[in-house]
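Q: Sequential numbering of the sequence shown, starting at 1, is according to UniProt numbering.
Backbone N, C-alpha and C fix where the C-beta goes; we use that ideal spot for every residue, glycine too.
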Amino acid sequence: MTKDNNTLGKFDLTGIPPAPRGVPQIDVEFNIDANGLLHVSAKDKSTGNTKKITITNDRGRLSKEDIDRMVSEAEKYKDEDEKQKQRVSSRNQLENYIFSVKQATNDSGDKLTSQEKETVTTACEDSLKWLDQNSLAEKEEYEDKMKELQRVCSPVMTKLHGGGQGGPSGSTGGQHGGQNTSGGPTVEEVD
1 MTKDNNTLGK FDLTGIPPAP RGVPQIDVEF NIDANGLLHV SAKDKSTGNT KKITITNDRG
61 RLSKEDIDRM VSEAEKYKDE DEKQKQRVSS RNQLENYIFS VKQATNDSGD KLTSQEKETV
121 TTACEDSLKW LDQNSLAEKE EYEDKMKELQ RVCSPVMTKL HGGGQGGPSG STGGQHGGQN
181 TSGGPTVEEV D
């Protein structure tokens, strides 16, 4: 986890315009050249804003003994780190689900009733409060909370994405499989 990292350098990528969660796209590149120099760059795709840093070992950052000790500790705590990674991943999945459901509900227009919107919004707000109050919950607790929230939200999301306009879920007006009735070219997707 980041608390165990050794800081080599840092920079700030500024000028990123405000956007809804998940919208900003940042490309980060790490390269080590033949001289052992670490080059890191970050670029905001929407603005083209770029920042770079080069990390050298001219300050004697880590001795051979320090590196060996860190590798040994990493092996020693590997299982514990994996468990922590899964716990954090479960928390992030729940948090992302909450925000995506809230966004879909806010963008639903008149496809949902005010009661459906209120039900989903209340469930999401309650889940966010629970997240704030249970930041050290276990993986299984996050998964249980996710299932609980999905039981409330899934019927409404199904209506929003599928049944709201009478078409099949995910329909974009095209046909998948079957006969091509438009008279246009046939497109076959191949993996």
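Can you name, in chain order, every residue of its own chain whose Cβ lies under 7 Å from the Cβ of residue 9, other than the five neighbours on each side?
A: As a first step, residue 9 must be located in the sequence shown, where it is residue number 9. Closer than 7 Å at Cβ, skipping near neighbours: 53 and 55.
Q: Beta-carbon within less than 8 Å of residue 159's beta-carbon, same chain only, minus the 5 sequence neighbours each way: which residues are those?
A: Locating residue 159 in the sequence shown gives position 159, where the first residue counts as 1. So the list reads 111, 112 and 116, once near-sequence residues are dropped.
Q: Just the C-alpha distance for residue 11 and residue 26, rounded to the nearest angstrom, thanks.
A: Taking the sequence shown and counting its residues from 1, one reaches residue 11 at position 11. Taking the sequence shown and counting its residues from 1, one reaches residue 26 at position 26. Between residue 11 and residue 26, the C-alpha separation is close to 14 Å.
Q: Looking at the secondary structure, which residues open and close the beta strand (DSSP E) in which residue 4 lies?
A: Taking the sequence shown and counting its residues from 1, one reaches residue 4 at position 4. It is not in any beta strand (DSSP E) - residue 4 carries neither H nor E in the DSSP assignment.
Q: Taking the alpha-carbon of residue 127 as reference, which of 114, 147, 81 and 70 has the nearest alpha-carbon?
A: Counting from 1 along the sequence shown, the entry for residue 127 is found at position 127. Of the candidates 114, 147, 81 and 70, the one whose C-alpha sits nearest the C-alpha of residue 127 is 147.
Q: Measuring CA to CA, which of 72, 79, 95 and 45 is closest to residue 13?
A: In the sequence shown, the residue the question calls residue 13 occupies position 13. Considering only alpha carbons, the answer is 45.
Q: Which stretch, first to last residue, makes up the alpha helix (DSSP H) that contains residue 44?
A: Position 44 of the sequence shown, counted from the start, is the residue given in the question as residue 44. First-last for residue 44: 38–44, but that is the beta strand (DSSP E), not the alpha helix (DSSP H).
Q: Since residue 139 and residue 86 are thought to touch, with beta carbons under 8 Å apart, how far apart are those beta carbons, to the nearest angstrom?
A: Residue 139 sits at position 139 when you count from the first residue of the sequence shown. Residue 86 sits at position 86 when you count from the first residue of the sequence shown. Rounded, the Cβ-Cβ distance is 5 Å, consistent with contact.
Q: Just curious, the alpha helix (DSSP H) that residue 134 is in, first and last residue?
A: To locate residue 134, count along the sequence shown from 1; it is residue 134. Here residue 134 belongs to no alpha helix (DSSP H), and DSSP marks it neither H nor E.
Q: Using three-state DSSP, classify residue 49 as helix, strand or coil.
A: Against the sequence shown, residue 49 aligns to sequence position 49. Residue 49: coil per DSSP, three-state reduction.
Q: Can at least three beta-carbon pairs, one atom from the segment 26–44 and one from the segment 71–91, be found at a separation below 8 Å?
A: No: the two stretches stay apart, fewer than three of their Cβ pairs being nearer than 8 Å.
Q: Apply the 10 Å Cβ neighbour rule to residue 91 and answer buried if 16 or more other Cβ atoms are within range, or exposed otherwise.
A: Counted from its first residue, the sequence shown places residue 91 at position 91. By the neighbour-count rule (16 or more Cβ atoms within 10 Å), residue 91 is buried.
Q: Using a Cβ-Cβ distance under 8 Å, would residue 156 count as near chain B?
A: Absent from the structure is chain B; it holds one protein chain and no more.
Q: Beta carbon of residue 20, beta carbon of residue 103: below 8 Å?
A: For this step, residue 20 is matched to residue 20 along the sequence shown. For this step, residue 103 is matched to residue 103 along the sequence shown. Against a cut-off of 8 Å, the Cβ pair of residue 103 and residue 20 comes out as a contact.
Q: Using DSSP with H/G/I as helix, E/B as strand and the rest coil, what is residue 57?
A: On the sequence shown, residue 57 is found 57 positions in, with the first residue counted as 1. It is coil, neither helix nor strand.
Q: Would you report the Cα separation of residue 48 and residue 18, rounded to the nearest angstrom?
A: As a first step, residue 48 must be located in the sequence shown, where it is residue number 48. As a first step, residue 18 must be located in the sequence shown, where it is residue number 18. So the alpha carbons of these two residues sit roughly 15 Å apart.
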